[in-house]
Each structure stands twice: as C-alpha cells, then as structure tokens.
Ligand SMILES: [Fe+2]
Ligand SMILES: [Fe+2]
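Laid out in structure tokens, this is it:
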C-alpha cells in the first residue's frame, strides 16, 4: 500500500478557495494602505499590479471551470446544490473582475491613481461580500461531499486532469498565476498543490526561469 493521499477533487477546490480568500484579504489590505498613504508604494507597485492581475485571472478561471466542467459533472450526483444561484453569483463576480481589470489598466497608465485605487477597492469589497457565503455553500453542499460519492481512483484522476488542463488554458500568464497560487497557500497546502504539477514547473520554472517575472509579488506572498 502506498501512503500517498488519494486524489480528491473536493479537497483541491477547497484549497483553491483558500488562495482566493487570502488574496482578497491581502489585496484589500494593501489598497487601504495605499489609499491612506496617498498612492501606491513605489517599491511595491510592480508586484501589486502583478498580484492583482494574477488574482483576477485565477478567480475568473476558477469560475469558468466550475461553470463549464465541475457543476455539470456533479449535477447528477448532487442534484440539491443550488447551481443556478452559484452561477448567478459567478456572473456578478465576473463583471466585478472586469472592473478590476480596468482599474488595473488605469493604474498602469498612471492616470488618476487615487481614483483607480478607489475603483479597485469598491470592486474588491463587493467581491468579498459575495465570496464568503458563496464558498460556504459550495464547500458544505458540494466539495465536502465528494469524498463520500464513491468515485473510483481512476475516474477521480481523470477528472482532476481534465479540470486542471481546462483551468490552465483559461488563466495566465502561467509565470504569474502558478507562483501566485503556490505562495498564497501555507507550506502544507502548497506541497499538496505542487504535487499535481509537473516537476519541470515546480523544480525548474518557478524557482528558475520564471523567477524574475514573479518575484516582485513576494511582499504579498507567503514563504
Ligand atoms: Fe463558485
Ligand atoms: Fe468555487
């Protein structure tokens, strides 16, 4: 018997939620600090833009994979989950992420920094209000139940791969989003997430070839 953990897509998605929960908090905390200080801290500027861009791409990709693959897969197995409500909330978040993207663009072009920050803040606060009750429903009614659904290991591995390929196709750039995901997690969760990536990514690209591109985000990440 191997002691390797059995794959469980429900636990994967709860882990993805932790990434979003932390980055929402870190994003909002920094926006508030920048507003108090009269603008974006110059030494954190590049990292902050990359961090918020990664957050936006990660959350958008998370909702796309739930809408298009996860919910349709689990609907026959767990029919009582309020899928329509969850997808309506995804739509609301989607338009708030578009606001965040346009706030980022105006911050990048160094137009009116304070009003861009205020726009970002308002979108972050609105997402935060939707997010916590939303994941409460997903986790208690869906993701925590996956372990008891009797999905065999081959099937679980195959949907895990399908979901992860889809997610990668719909997010990016990988040199930001992958380190963003890994380092918004505790070391224990990070090791579990990293186990699902090719070694080339975790041992070579993230610490090597990609490092110059993502290292500016470090003030916002865990070690
Ligand atoms: Fe969701
Ligand atoms: Fe979710």
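In the numbering used here, the protein residues as written are 1172 to 1394.
Even glycine gets a Cβ: it sits at the ideal position worked out from N, Cα and C.
These figures come from a predicted structure and were not determined experimentally.
Could you say which of the options lies nearest to residue i if we only look at CA atoms?
i, options, result
"residue 1276", "1198, 1176 and 1224", "1224"
"residue 1262", "1232, 1291 and 1249", "1232"
"residue 1287", "1353, 1235, 1271 and 1343", "1271"
"residue 1200", "1321, 1289, 1338 and 1308", "1289"
"residue 1192", "1259, 1177, 1307 and 1247", "1307"
"residue 1278", "1238, 1206, 1237 and 1370", "1206"
"residue 1245", "1181, 1341 and 1281", "1181"
"residue 1390", "1219, 1339 and 1243", "1219"
"residue 1260", "1341, 1237 and 1177", "1237"
"residue 1296", "1309, 1203 and 1387", "1203"
"residue 1281", "1347, 1362, 1213 and 1234", "1213"
"residue 1216", "1357, 1388, 1292 and 1257", "1388"
"residue 1394", "1357, 1343, 1379 and 1369", "1357"
"residue 1299", "1386, 1264 and 1348", "1264"
"residue 1342", "1235, 1188 and 1183", "1235"
"residue 1375", "1301, 1349 and 1392", "1349"
"residue 1186", "1383, 1273 and 1360", "1360"
"residue 1183", "1269, 1274, 1380 and 1328", "1328"
Consider the C-beta atom of residue i and the heavy atoms of ligand 4; say whether any pair is separated by less than 6 angstroms.
i, result
"residue 1284", "Looking at this structure, you won't find ligand 4 anywhere; what it does contain is ligand 1 and ligand 2."
Please look up how many angstroms separate the CB atoms of residue i and residue j, rounded, as I've assumed it's under 8 angstroms.
i, j, result
"residue 1284", "residue 1197", "Rounded, the Cβ-Cβ distance is 19 angstroms, inconsistent with contact."
"residue 1179", "residue 1318", "6 angstroms"
"residue 1313", "residue 1294", "With 8 angstroms as the limit, residue 1313 and residue 1294 do not qualify as a contact, their Cβ atoms being about 26 angstroms apart."
"residue 1353", "residue 1365", "6 angstroms"
"residue 1257", "residue 1309", "7 angstroms"
"residue 1177", "residue 1324", "6 angstroms"
"residue 1248", "residue 1320", "6 angstroms"
Please report the residue range of the alpha helix (DSSP H) in which residue i lies.
i, result
"residue 1274", "1254-1279"
"residue 1333", "1324-1340"
"residue 1296", "1284-1312"
"residue 1373", "Run containing residue 1373: none; DSSP gives neither H nor E here."
"residue 1387", "Segment: none, residue 1387 is in no alpha helix (DSSP H) and carries neither H nor E."
"residue 1368", "Looking at the DSSP string, residue 1368 is not in any alpha helix (DSSP H), and its letter there is neither H nor E."
"residue 1186", "1180-1207"
"residue 1216", "1216-1236"
"residue 1350", "1345-1353"
Checklist entry - Whose beta carbon lies closer than 6 angstroms to any heavy atom of ligand 1, going through the chain in order? => result Taken from the N-terminal end onward, the list reads 1234, 1237, 1257, 1261, 1305 and 1309.
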